[in-house]
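To convert, count from 1 in the first sequence and add 1143; that's this note's numbering.
Please read the structure below before turning to the comments.
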Amino acid sequence: MSISLKFPDGAERSYEDGVTPLAVAEGISKSLAKKVVAAKIDGGWWDLNRPIEQGGKFELVTRDSADGLEVLRHDAAHVLAQAVQELFPGTQVTIGPTVEDGFYYDFARDEPFSTDDFEKIEKRMKEIVDADLPIQREVWNREEAIAHFNSIGETFKAQIIDDIIPPGEPITVYRQGKDWKDLCRGPHLPSTGRLGKAFKLMKLAGAYWRGDAKNQQLQRIYGTAWSDEKQLEAYLHRLEEAEKRDHRKLGRQLELFHFQEEGRGMVFWHPKGWRLWQVLENYLRRRLDAAGYQEVKAPQILDRALWEKSGHWQKFHANMFTCETVEGEVLAVKPMNCPGHVQIFNQGQKSYRDLPLRLSEFGSCHRYEPSGALQGLMRVRAFVQDDAHIFCTEEQLVPETIAFCKLLRSIYEDVGVELHAVKLALRPEVRFGSDEIWDKAERILQDAAEAAGETLELLPNEGAFYGPKLEFHLRDAIGRTWQCGTHQLDFVLPERLEAEYVGEDGQKHRPVMFHRAIFGSFERFLGILIEHYAGAFPLWMAPVQVVVATITAEADAYAREAAGALREAGLRVELDLRNEKVGYKVREHSLAKVPVIAVVGKKEAEGRSVALRRLGSDAQSVVPLDAAASQLATEATPPDLR
RNA sequence: GCCGCGGUAGCUCAGUGGUAGAGCGCACCCUUGGUAAGGGUGAGGUCGAGAGUUCAAUCCUCUCCCGUGGCACCA
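Here it is in structure tokens:
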């Protein structure tokens, strides 16, 4: 019997039955055999040393490919687990998957690990690689496997077979060396030596078994692994560079904001940071005005009764800031703006002619976030949402969603950020509204977003209690993703808060409501922007756009005049008349990421010009003052006004 | 909230069982210098808070607070 393998280049070759992918690779070239880590047959993984059972589309996966890295990282996780179990007897293994740029393994052990243990563990891992232990795939009987893992005290593994692997699916166990075994779907390398040593343990964290805080907390060790040392070095270097753009660091360096103990999770915005905020708020306000929104302002504190009616009290009151008055009223600082906007909608009578009605608010919200959740500007307790609620008819749901997606994309393009992913969060376990309503809401939102051209990633169980939501995710400097924009469809709150309009038929109808935000929160969005630009904002956003710096005191009077002319042209200008050398001033303002330095000395004063120097370039261009003012003002025009 | 790691001058960080240092910044003086750091002098610290061990604690132990990396949570 022979089998026929179809290669990616279209070639088809036949092999003897039982040939291994490794043998196939060796038949092609020595160097390929060295680089290969696994194979794929008809898209399914196949171990290198596993005899091929049937022909099909065949692909050899090399260690430097994306798929190959997955295999290496998965093997690194196994080698980590073996090392840990050898060094710390009694430790139970649980799961060890790959993640972006690396892998982790969750261990159950009474004693805590410390990052001081990493050196020892890495050393043992390298010994396991040097030993080049053979890795063998074995298929086990389900009941025997459960009994085996229970008998050796690996109760988590037994539980995985029992609860997670669907009946009928083969139970595969990989034997690494003589005695060490792990339940695993594979694929794995033929031996540990092929892994190489381009890995490093990175961090230690607690993690709950099966992601549930009610379960036992395990100890998770994260690592990174690459195909060679050079890639590992490059990755570590990238991380270091990314840390330099941490918005918390830049916030201090650029004097944008600060935090202090007395206001955990609350931002003190400094003049430059607040200027940046204002620039973006003004920009966004113009865009919303143009898109048919009407801005409102609702009270900051409202009676508990309203939050009970909306349903927020039941679900979130532990996370709300509340107070009781001397007269015994219980009030809550608003954690979100929707009930307020519905009250505005409910005033007077609304007609179908008023719909869609888009009420927007730069709404200041407060939420008591768990202490461990706080993260610089990204997760705070006091924040401002660029919130809006769109009240509309069912027929308007699709066009409003399309309009929103377009508006969001246009705004993200203007401010220069790149969407990382668009996700659709579906019904959570605890929710209001019938299943029929949820079926309808999810279907409409998905269809509408797809009609808007969005490609969606589905997130089961992650919707709001009142409806499904589209989430627009951005990435920070070190690659973490954050939900910024959101577009949520809600059939529930209009009902609970009794919103109504009079239809064409003269009868009262219930509007449907969208909750939507483009930045999400100003705090988080500014955090993302700071990291995205590493503090070097485009001219229209920069808190200080131009610094006029003198060379000698002789030029002071002219420098004042020049700064005045630039301000007159609408630019944000600072004047630096200090008794310092021009090189010192250039260095300082460059580090402060000021986009334009206008140097003036005796020559410029006489010629009524300025010597412009752009951030990131050491070239200078001497331009007449009035030309510089009009040219820079044009350049500094926000994108929507150009 | 949970697990790991950390907290020394405004910032970045070094250091020690005998109560502390650097660079930058800041203040003052000299210097007016043409595009990424001119020179000098000086001020500035209950070494996160509290308790314990010790003749003696910034250093060792415990508790708490805060930060940080994850997990859980996120209307």
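Just so you know, even glycine gets a beta-carbon here, dropped at the ideal spot from N, CA and C.
#1: Closest to residue 1266 by C-alpha separation, out of 1340, 1200, 1327 and 1319, would be which residue?
#2: Report the residue from 1288, 1447 and 1582 whose alpha carbon sits nearest the alpha carbon of residue 1471.
#3: What would DSSP say about residue 1149, mapped onto helix, strand or coil?
#4: Answer with buried or exposed for residue 1528, where buried requires no fewer than 16 other C-beta atoms within 10 angstroms of its C-beta.
#5: Considering only the beta carbon of each residue, do residue 1709 and residue 1772 sit closer than 8 Å?
#6: With burial defined as no fewer than 16 other Cβ atoms inside 10 Å of the residue's Cβ, what is the status of residue 1667: buried or exposed?
#7: What are the boundary residues of the beta strand (DSSP E) that residue 1547 is part of?
#8: Which stretch, first to last residue, makes up the beta strand (DSSP E) that contains residue 1261?
#9: With DSSP as the reference, label residue 1299 as helix, strand or coil.
#10: Express the C-alpha separation of residue 1695 and residue 1414 in angstroms, rounding to a whole number.
#11: Look up residue 1439 in the DSSP assignment and say whether it is helix, strand or coil.
#12: Just tell me which of 1246, 1251, 1151 and 1219 has its CA closest to the CA of residue 1234.
#13: Return the CA-CA distance between residue 1168 and residue 1780, expressed in angstroms with no decimal places.
#14: Would you mind working out which of 1516, 1317 and 1617 sits nearest residue 1462, comparing C-alpha positions?
#15: For the candidate residues 1308, 1228, 1480 and 1692, whose alpha-carbon lies nearest to that of residue 1717?
#16: Determine contact between the region 1492-1506 and the region 1431-1439, defined as no fewer than three beta-carbon pairs at a distance below 8 Å.
#17: Report buried or exposed for residue 1559, applying the criterion of at least 16 other Cβ atoms within 10 angstroms of its Cβ.
#18: Going by DSSP in three states, residue 1351 sits in which element: helix, strand or coil?
#19: In terms of residue numbering, what span does the beta strand (DSSP E) encompassing residue 1532 cover?
#20: Between the region 1668-1685 and the region 1518-1528, can you find at least three pairs of beta-carbon atoms closer than 8 Å?
#21: Can you tell me which residues form a DSSP beta bridge with residue 1502?
#22: If distances are taken between C-alpha atoms only, which option among 1228, 1556, 1301 and 1738 comes closest to residue 1285?
#23: Spatial neighbours of residue 1179 within its chain, please: C-beta separation below 6 Å, excluding the five flanking residues on both sides.
#24: Mind checking residue 1626: buried by the 16 CB within 10 Å criterion, or exposed?
#25: I want to know whether the region 1594-1609 touches the region 1631-1648 - three or more CB-CB distances under 8 Å.
#26: Shortest alpha-carbon distance to residue 1782 belongs to which of 1423, 1353, 1530 and 1576?
#27: Please report the straight-line C-alpha distance between residue 1620 and residue 1385, rounded to a whole angstrom.
#28: For residue 1555 and residue 1232, I'd like the C-alpha separation in whole angstroms.
#29: Going straight from the alpha carbon of residue 1353 to that of residue 1165, what length do you get?
#30: What do you reckon, are the CB atoms on residue 1774 and residue 1739 nearer than 8 Å?
#31: Just how far apart, CA to CA, sit residue 1476 and residue 1569?
#32: Whose C-alpha, out of 1495, 1355 and 1549, is nearest the C-alpha of residue 1538?
#33: So for residue 1414, helix, strand or coil by DSSP?
#34: Which whole-angstrom value is the C-beta distance of residue 1366 and residue 1343, which I expect to be below 8 Å?
#35: In the structure shown, what three-state DSSP assignment does residue 1757 receive?
#36: Cα separation between residue 1721 and residue 1623?
Straight from the coordinates:
#1: In the first sequence, the residue the question calls residue 1266 occupies position 123. It is 1340.
#2: In the first sequence, the residue the question calls residue 1471 occupies position 328. For the residues 1288, 1447 and 1582, the minimum Cα distance to residue 1471 belongs to 1447.
#3: Numbered from 1 along the first sequence, position 6 holds the residue referred to as residue 1149. Residue 1149: strand per DSSP, three-state reduction.
#4: Here residue 1528 corresponds to residue number 385 of the first sequence, with the count starting at 1. Classification for residue 1528: buried.
#5: In the first sequence, counting from the first residue as 1, residue 1709 sits at position 566. In the first sequence, counting from the first residue as 1, residue 1772 sits at position 629. Contact: yes.
#6: Mapped onto the first sequence, residue 1667 falls at position 524. Label assigned to residue 1667: buried.
#7: As a working note, residue 1547 is residue 404 in the first sequence. Residue 1547 -> not in any beta strand (DSSP E); alpha helix (DSSP H) instead, spanning 1540-1558.
#8: Residue 1261 sits at position 118 when you count from the first residue of the first sequence. Unbroken run through residue 1261 is the alpha helix (DSSP H), 1261-1274; no beta strand (DSSP E).
#9: By one-based count along the first sequence, residue 1299 stands at place 156. If DSSP states are grouped into helix, strand and coil, residue 1299 belongs with the helices.
#10: Translated into positions along the first sequence, residue 1414 becomes position 271. Translated into positions along the first sequence, residue 1695 becomes position 552. Approximately 28 Å, taken between the alpha carbons.
#11: In the first sequence, the residue the question calls residue 1439 occupies position 296. Three-state DSSP puts residue 1439 in coil, outside helix and strand.
#12: For the purposes of this step, residue 1234 is identified with residue 91 of the first sequence, where counting begins at 1. Among 1246, 1251, 1151 and 1219, the Cα nearest to that of residue 1234 belongs to 1251.
#13: On the first sequence, position 25 is the one that residue 1168 refers to. On the first sequence, position 637 is the one that residue 1780 refers to. Each residue's Cα considered, the two are about 59 Å apart.
#14: For the purposes of this step, residue 1462 is taken as the residue at position 319 of the first sequence. Of the listed residues, the one whose Cα sits closest to residue 1462 is 1516.
#15: Residue mapping note: residue 1717 aligns to position 574 of the first sequence, counting from 1. Cα-wise, what sits closest to residue 1717 is 1692.
#16: yes
#17: For this step, residue 1559 is matched to residue 416 along the first sequence. Residue 1559 should be labelled exposed.
#18: Sequence index remark: in the first sequence, residue 1351 carries index 208 (1-based). Residue state, collapsed to three classes: strand.
#19: One-based indexing of the first sequence puts residue 1532 at position 389. Note, residue 1532: beta strand (DSSP E), 1525-1535.
#20: yes
#21: For the purposes of this step, residue 1502 is taken as residue 359 along the first sequence, with counting starting at 1. DSSP lists 1437 and 1532 as partners of residue 1502.
#22: The residue labelled residue 1285 in the question sits at position 142 within the first sequence. It is 1301 whose Cα lies nearest to the Cα of residue 1285.
#23: If you number the first sequence from 1, residue 1179 lands on position 36. If we look at residue 1179 and ignore the five residues flanking it on each side, its Cβ neighbours are 1168, 1203 and 1205.
#24: Here the question's residue 1626 lines up with position 483 in the first sequence. Flag for residue 1626 reads buried.
#25: yes
#26: Reading the first sequence from its first residue, position 639 is the one you call residue 1782. Nearest of 1423, 1353, 1530 and 1576 to residue 1782, Cα basis: 1423.
#27: Locating residue 1620 in the first sequence gives position 477, counting from the first residue. Locating residue 1385 in the first sequence gives position 242, counting from the first residue. Answer to the nearest angstrom: the Cα atoms are 5 Å apart.
#28: Taking the first residue of the first sequence as position 1, residue 1555 is located at position 412. Taking the first residue of the first sequence as position 1, residue 1232 is located at position 89. Distance between the alpha carbons of residue 1555 and residue 1232: 52 Å.
#29: Position 210 of the first sequence, counted from the first residue, corresponds to residue 1353. Position 22 of the first sequence, counted from the first residue, corresponds to residue 1165. Whole-angstrom Cα-Cα distance: 36 Å.
#30: Within the first sequence, the letter at position 631 stands for residue 1774. Within the first sequence, the letter at position 596 stands for residue 1739. Contact flag unset, no.
#31: Taking the first residue of the first sequence as 1, we reach residue 1476 at position 333. Taking the first residue of the first sequence as 1, we reach residue 1569 at position 426. Near 28 Å, if we compare the C-alpha coordinates of residue 1569 and residue 1476.
#32: The sequence position of residue 1538 within the first sequence is 395, counting from 1. Considering only alpha carbons, the answer is 1495.
#33: Within the first sequence, residue 1414 is the residue found at index 271, counting from 1. Here residue 1414 sits in helix by DSSP.
#34: To locate residue 1366, count along the first sequence from 1; it is residue 223. To locate residue 1343, count along the first sequence from 1; it is residue 200. So it is a contact: roughly 6 Å between Cβ atoms.
#35: In the first sequence, the residue the question calls residue 1757 occupies position 614. Correct three-state label for residue 1757: strand.
#36: Your numbering for residue 1721 matches position 578 in the first sequence. Your numbering for residue 1623 matches position 480 in the first sequence. Each residue's alpha carbon lies about 42 Å from the other.
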